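Chemist:
Protein chains: 2
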Amino acid sequence: MKSIPEKIKIKDIAEKAGVSPGTVDRVLHNRGNVSEVSRKKVEEVLKHIDYTPNVYASALASKKSFSLLVVMPKYLSGDYWEKMEFGIARAAREIIDFRVSIEIIYFDQYKIDSFCQAMEKVLKKTPDGVLLTPSLKSVTCDFTCKLDQKKIPYVFVDSFVEEAHPLAYFGQHSHQSGYLGAKLLFTQKSDLQEIAVFSFFHVGQKPSNQISMRMAGFSEYVMEKRTGCKLHRVTLDAENPDQNEETMRNLFFGNKGIDGAIIFSSRAYVVADFLKKHNLNHITLIGYDLLDKNIVRLKDNTISYLIAQRPEEQGYKGIRALTDHLVFKKEIKPVNHYTPIDILTQENIDFYLEF
Amino acid sequence: MKSIPEKIKIKDIAEKAGVSPGTVDRVLHNRGNVSEVSRKKVEEVLKHIDYTPNVYASALASKKSFSLLVVMPKYLSGDYWEKMEFGIARAAREIIDFRVSIEIIYFDQYKIDSFCQAMEKVLKKTPDGVLLTPSLKSVTCDFTCKLDQKKIPYVFVDSFVEEAHPLAYFGQHSHQSGYLGAKLLFTQKSDLQEIAVFSFFHVGQKPSNQISMRMAGFSEYVMEKRTGCKLHRVTLDAENPDQNEETMRNLFFGNKGIDGAIIFSSRAYVVADFLKKHNLNHITLIGYDLLDKNIVRLKDNTISYLIAQRPEEQGYKGIRALTDHLVFKKEIKPVNHYTPIDILTQENIDFYLEF
DNA sequence: CTGTTAGCGCTTTCAT
DNA sequence: ATGAAAGCGCTAACAG
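Protein chains in written order, with the numbering used here: chain W, 1 to 355; chain G, 1001 to 1355.
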């Protein structure tokens, strides 16, 4: 049995130290203008008691306000990014009474220029903190350097750029999620012979950091445990569904031995829809991310497993980390907060959607 | 791009409605003592604006305080219940400034009397809300009836009693988690012949609700898809490790055909340790819950999958539901908030532990 | 019934 | 350098 003791207030400390509440406040916040003697007296009292400020009273009285900027890809409804914005919006509602305002700047993830423009906007606005989804490494680094100079804290979500110095990162350990993808694929069908390995990006572009790392993780597993397995590496293009159809036709009908497939982008449904349409249900498919269209194919068993990464939570926690740092002066734990790698199947998907 | 509009305050509403802030407050909280005319005026204004109160200012000014009681099993360090208490403690810290205090009453989950005594204590204290882990159905129902009479809201965590009327339930869909256990077992090894099915309880007692439902889910899967598979149903006893050893010896050495096993209590490590010790690594094992000892066996591959249920989150959300209801007058969604059924493997376990 | 007032715990301004 | 005082948005007690 436990109960909670009465909370100590600034007034209590002031009385014990024989100074005024104002002085205690000055000591607590290192605002200066305190004599050595007073400071000592207050600190002595603080040592012997466990004072935690009432952050709500503090926020109410404070005239400080904070502006956060979010830089993320523009998206369509049902997209992966929508979930991240849900999380950001949830955090926004929770912190509005602390005078924290959030503005979102969207960019076109397939156009470098668009990303650069977004960066410019951010720098012009000089916010108190930034949440961003890194794009091309070099451009991102240029930008974060400038933020470093201006001492504006920033948080990465979704993917991570090694060279930068973010306050924190919330996202998946992509390499490991690729490794797990391989493991699930081989568990689902232990005697796999030939596997189609899909990635998804635009012509003339490179695959995203995220996707490259998943592929690396996948390859590592295969190297370790299934060197005998034949891999067909295939690239699909977001802009060109007809060509994708053609590519998959050639692949699957030209290689009848293929009995497994994995796709490292969030658009597993593109492959799943093809398999479904052509009744290729002997092929085990693994995909990533909880898009509505993916879920349909998980439920009808075209996709065996989806691996998910809680984008909603990434957005939420990213914003919370910024406000914990700025508003509540909390120590943020060093850098990488990997979100769990969730394994979703027909049997447990509904409980993730509800929650 | 979006930005957040200025927040509306009670004072603003009062001005627009041509009444005093006091009156607006009375309308907002149905405190009575308001003329029909004033009420109409205020409600008219409220219709046209989107007012959300500053709950922090409200809590600060309010003299109301709330006491919550938690009834849960006593436990040892590293136990399943410890994690639930972590979640409760986290919630407690968050709401202390709202004048909500939490007291925990522990009972011995293997002694009905102990549970009854805990109930008595609760009724004597007449708290504002109760969080409890149901024990025997009949006893629990007796108790919740009395809470219903006194109009004290209560929340279930961990397991659920159909006949009661809780504010909410946070826990797993046990039947489905049993079903998933079966699915994973058969996926891991597609040609299973004989399966050992373990439950774990004290002599002379019945298995917990939770365990029975998992078994039912498991059986359903087998009935549906694997009627040919032979099941060995075995009960272990928490009090009697020597006898368990004996039981497992007879089982595994007397039935060499057994190539799979599942255990529906949180103590999968008991079986895992046996398999490990006797080098029975051809047997695929599935277990439940993230006990430290289970995790060791997951990591060394003795256990193939652990199915987990987020006890920390159950505790946290349970307390939050009570305070949302009591303090913030939020509508709590009807009853069942199933927590996700997490699938843990060697490859993703670390990210769950960190998070 | 209603407006006014005091005050929750804290910050910030303003004299001193 | 320091204490006193005002006020954040809201509630609750108090006159009228």
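From the three backbone atoms N, C-alpha and C, an ideal C-beta is built for every residue, glycine too.
Quantities reported herein were computed from a predicted structural model and do not represent experimental measurements.
Thinking just about the alpha-carbon of each residue, which of W:67, W:353, W:35 is nearest to the one in residue 98 (chain W)?
Modeler: What you label residue 98 (chain W) is simply residue 98 of the first sequence in a count that begins at 1. Residue 98 (chain W) has its Cα closest to that of W:67, out of W:67, W:353, W:35.
Chemist: I'd like the list of long-range same chain contacts for residue 119 (chain W), defined as Cβ closer than 6 Å, with 5 residues on each side in sequence excluded.
Modeler: Against the first sequence, residue 119 (chain W) aligns to sequence position 119. Answer for residue 119 (chain W): 143, listed in chain order.
Chemist: To the nearest whole angstrom, what separates the beta carbons of residue 195 (chain W) and residue 258 (chain W), a pair I think is in contact under 8 Å?
Modeler: Working through the first sequence from its first residue, we reach residue 195 (chain W) at position 195. Working through the first sequence from its first residue, we reach residue 258 (chain W) at position 258. Sure, about 7 Å apart at Cβ, within 8 Å.
Chemist: Along chain G, which residues have their Cβ under 7 Å away from the Cβ of residue 356 (chain W)?
Modeler: No answer is possible for residue 356 (chain W): the residues shown for chain W start at 1 and end at 355.
Chemist: Taking all protein chains shown into account, decide if residue 255 (chain W) is buried (16 or more other Cβ within 10 angstroms of its Cβ) or exposed.
Modeler: What you label residue 255 (chain W) is simply residue 255 of the first sequence in a count that begins at 1. So residue 255 (chain W) ends up on the exposed side.
Chemist: Using a Cβ cut-off of 8 Å (strictly closer), state whether residue 60 (chain W) contacts chain G.
Modeler: Taking the first sequence and counting its residues from 1, one reaches residue 60 (chain W) at position 60. It does; some Cβ of chain G falls within 8 Å.
Chemist: Is residue 73 (chain W) helix, strand or coil by DSSP?
Modeler: One-based indexing of the first sequence puts residue 73 (chain W) at position 73. Three-state DSSP puts residue 73 (chain W) in a strand.
Chemist: Can you give me the C-alpha to C-alpha distance between residue 1041 (chain G) and residue 1030 (chain G), rounded to a whole angstrom?
Modeler: Here residue 1041 (chain G) corresponds to residue number 41 of the second sequence, with the count starting at 1. Here residue 1030 (chain G) corresponds to residue number 30 of the second sequence, with the count starting at 1. Spanning the two alpha carbons is a distance of roughly 14 Å.
Chemist: Out of G:1329, G:1008, G:1069, point me to the one whose CA is closest to residue 1048 (chain G)'s CA.
Modeler: Taking the first residue of the second sequence as 1, we reach residue 1048 (chain G) at position 48. Residue G:1008 is the option with its Cα nearest to residue 1048 (chain G).
Chemist: Let's see if you can read the secondary structure: which residues bound the beta strand (DSSP E) around residue 306 (chain W)?
Modeler: Against the first sequence, residue 306 (chain W) aligns to sequence position 306. Per DSSP, residue 306 (chain W) belongs to the beta strand (DSSP E) from 305 to 308.
Chemist: Would you list, in chain order, the members of the segment 1156 to 1175 of chain G that have their beta-carbon closer than 9 Å to a beta-carbon of chain W?
Modeler: 1172, 1173
Chemist: To the nearest angstrom, report how far apart residue 1004 (chain G) and residue 232 (chain W) are at their CA atoms.
Modeler: Position 4 of the second sequence holds residue 1004 (chain G). Position 232 of the first sequence holds residue 232 (chain W). A caution first: residue 1004 (chain G) carries a pLDDT of 46, below 50, which makes its placement in the model unreliable, though a value can still be read off. Using only the alpha carbons, I get a separation of about 49 Å.
Chemist: Taking Cβ-Cβ distances shorter than 8 Å, what residues in chain G pair up with residue 188 (chain W)?
Modeler: Indexing the first sequence from 1 puts residue 188 (chain W) at position 188. Within 8 Å Cβ-Cβ: 1187.
Chemist: Compute the Euclidean distance between the alpha carbons of residue 1090 (chain G) and residue 1131 (chain G), then round it to the nearest angstrom.
Modeler: Residue numbering aside, residue 1090 (chain G) sits at position 90 when the second sequence is read from its first letter. Residue numbering aside, residue 1131 (chain G) sits at position 131 when the second sequence is read from its first letter. Between residue 1090 (chain G) and residue 1131 (chain G), the C-alpha separation is close to 15 Å.
Chemist: Which class does residue 327 (chain W) belong to by DSSP, given the choice of helix, strand or coil?
Modeler: As a working note, residue 327 (chain W) is residue 327 in the first sequence. In the structure shown, residue 327 (chain W) sits in coil (DSSP, three-state: anything other than H, G, I, E or B).
Chemist: Here's the rule: buried if 16 or more other CB atoms are within 10 angstroms of the residue's CB, otherwise exposed. What is residue 1277 (chain G)?
Modeler: Translated into the one-based positions of the second sequence, residue 1277 (chain G) becomes position 277. Burial call: exposed.
Chemist: CA-CA distance, residue 271 (chain W) and residue 218 (chain W)?
Modeler: What you label residue 271 (chain W) is simply residue 271 of the first sequence in a count that begins at 1. What you label residue 218 (chain W) is simply residue 218 of the first sequence in a count that begins at 1. Each residue's Cα considered, the two are about 18 Å apart.
Chemist: Which bits of chain W does residue 1339 (chain G) rub up against, with CB to CB less than 8 Å?
Modeler: Here residue 1339 (chain G) refers to the residue found at position 339 of the second sequence. Proximity of chain W to residue 1339 (chain G) at the Cβ level (cut-off 8 Å) is accounted for by 351, 355, in chain order.
Chemist: Which residues does DSSP list as the beta-bridge partners of residue 103 (chain W)?
Modeler: In the first sequence, residue 103 (chain W) corresponds to position 103, counting from 1. BP columns for residue 103 (chain W) point to W:69.
Chemist: Excluding the 5 residues flanking residue 1175 (chain G) on each side, which residues of the same chain have their C-beta closer than 6 Å to its C-beta?
Modeler: Translated into positions along the second sequence, residue 1175 (chain G) becomes position 175. Closer than 6 Å at the Cβ level, and outside the excluded window around residue 1175 (chain G), lie 1213, 1216, 1217.
Chemist: What do you get for residue 1061 (chain G), buried or exposed, if any count of 16 or more other CB atoms within 10 angstroms of its CB means buried?
Modeler: Within the second sequence, the letter at position 61 stands for residue 1061 (chain G). Counting Cβ neighbours within 10 Å, residue 1061 (chain G) comes out exposed, since fewer than 16 surround it.
Chemist: Please check the pair residue 1297 (chain G) and residue 1269 (chain G), which I expect to be a contact at CB under 8 Å, by giving their CB distance rounded to whole angstroms.
Modeler: As a working note, residue 1297 (chain G) is residue 297 in the second sequence. As a working note, residue 1269 (chain G) is residue 269 in the second sequence. At roughly 6 Å, the Cβ-Cβ gap stays under 8 Å, so residue 1297 (chain G) and residue 1269 (chain G) are in contact.
Chemist: Counting only beta-carbon atoms, is residue 292 (chain W) nearer than 8 Å to chain G?
Modeler: The residue labelled residue 292 (chain W) in the question sits at position 292 within the first sequence. In terms of beta-carbon proximity, residue 292 (chain W) stays away from the interface with chain G, with every pair separated by 8 Å or more.
Chemist: Shorter than 8 Å from the beta carbon of residue 56 (chain W) to some beta carbon of chain G?
Modeler: Position 56 of the first sequence holds residue 56 (chain W). Output row for residue 56 (chain W): interface = yes.
Chemist: Is it buried or exposed, residue 1328 (chain G), if we count other Cβ atoms within 10 angstroms and call 16 or more buried?
Modeler: As a first step, residue 1328 (chain G) must be located in the second sequence, where it is residue number 328. By the neighbour-count rule (16 or more Cβ atoms within 10 Å), residue 1328 (chain G) is not buried but exposed.
Chemist: Out of curiosity, what's the CA-to-CA distance linking residue 84 (chain W) and residue 152 (chain W)?
Modeler: For this step, residue 84 (chain W) is matched to residue 84 along the first sequence. For this step, residue 152 (chain W) is matched to residue 152 along the first sequence. Between residue 84 (chain W) and residue 152 (chain W), the C-alpha separation is close to 22 Å.
Chemist: Whose C-beta lies closer than 7 Å to the C-beta of residue 220 (chain W) among residues of the same chain, with five residues either side of it excluded?
Modeler: Your numbering for residue 220 (chain W) matches position 220 in the first sequence. The answer, listed in chain order, is 179.
Chemist: Could you please tell me which residues of the segment 122 to 140 of chain W, in chain order, have their CB closer than 9 Å to any CB of chain G?
Modeler: none
Chemist: Name the residue from G:1200, G:1033, G:1013, G:1019 whose alpha carbon lies nearest to the alpha carbon of residue 1244 (chain G).
Modeler: Translated into the one-based positions of the second sequence, residue 1244 (chain G) becomes position 244. Nearest option by C-alpha distance: G:1200.
Chemist: With a threshold of 8 Å between beta-carbons, can residue 7 (chain W) be considered close to chain G, or not?
Modeler: Walking along the first sequence from the start, residue 7 (chain W) turns up at place 7. Taking Cβ atoms only, chain G reaches closer than 8 Å to residue 7 (chain W), which makes this a yes.
Chemist: Could you confirm whether any beta carbon from chain G is found closer than 8 Å to the beta carbon of residue 180 (chain W)?
Modeler: One-based indexing of the first sequence puts residue 180 (chain W) at position 180. For residue 180 (chain W), the answer is yes, since a Cβ of chain G falls inside 8 Å of its Cβ.
Chemist: Where does the unbroken alpha helix (DSSP H) through residue 233 (chain W) begin, and where does it stop?
Modeler: Here residue 233 (chain W) corresponds to residue number 233 of the first sequence, with the count starting at 1. Counting along the chain, residue 233 (chain W) falls outside any alpha helix (DSSP H), though it belongs to the beta strand (DSSP E) covering 230 to 236.
Chemist: Candidates G:1265, G:1020, G:1286: which alpha carbon is nearest residue 960 (chain G)'s?
Modeler: Nothing in the structure corresponds to residue 960 (chain G), since chain G is present only between 1001 and 1355.
Chemist: Buried or exposed, going by whether 16 or more other CB atoms sit within 10 Å of the CB of residue 1093 (chain G)?
Modeler: Numbered from 1 along the second sequence, position 93 holds the residue referred to as residue 1093 (chain G). With fewer than 16 other Cβ atoms from the protein chains shown falling within 10 Å of its own Cβ, residue 1093 (chain G) counts as exposed.
Chemist: When you compare the CB of residue 1348 (chain G) with every CB in chain W, is at least one pair closer than 8 Å?
Modeler: Position 348 of the second sequence, counting from 1, holds the residue named residue 1348 (chain G). Taking Cβ atoms only, chain W reaches closer than 8 Å to residue 1348 (chain G), which makes this a yes.
Chemist: By the three-class DSSP mapping on this structure, what secondary structure does residue 1108 (chain G) have?
Modeler: The residue given as residue 1108 (chain G) occupies position 108 in the second sequence. For residue 1108 (chain G), the secondary structure class from DSSP, reduced to helix, strand or coil, is coil.
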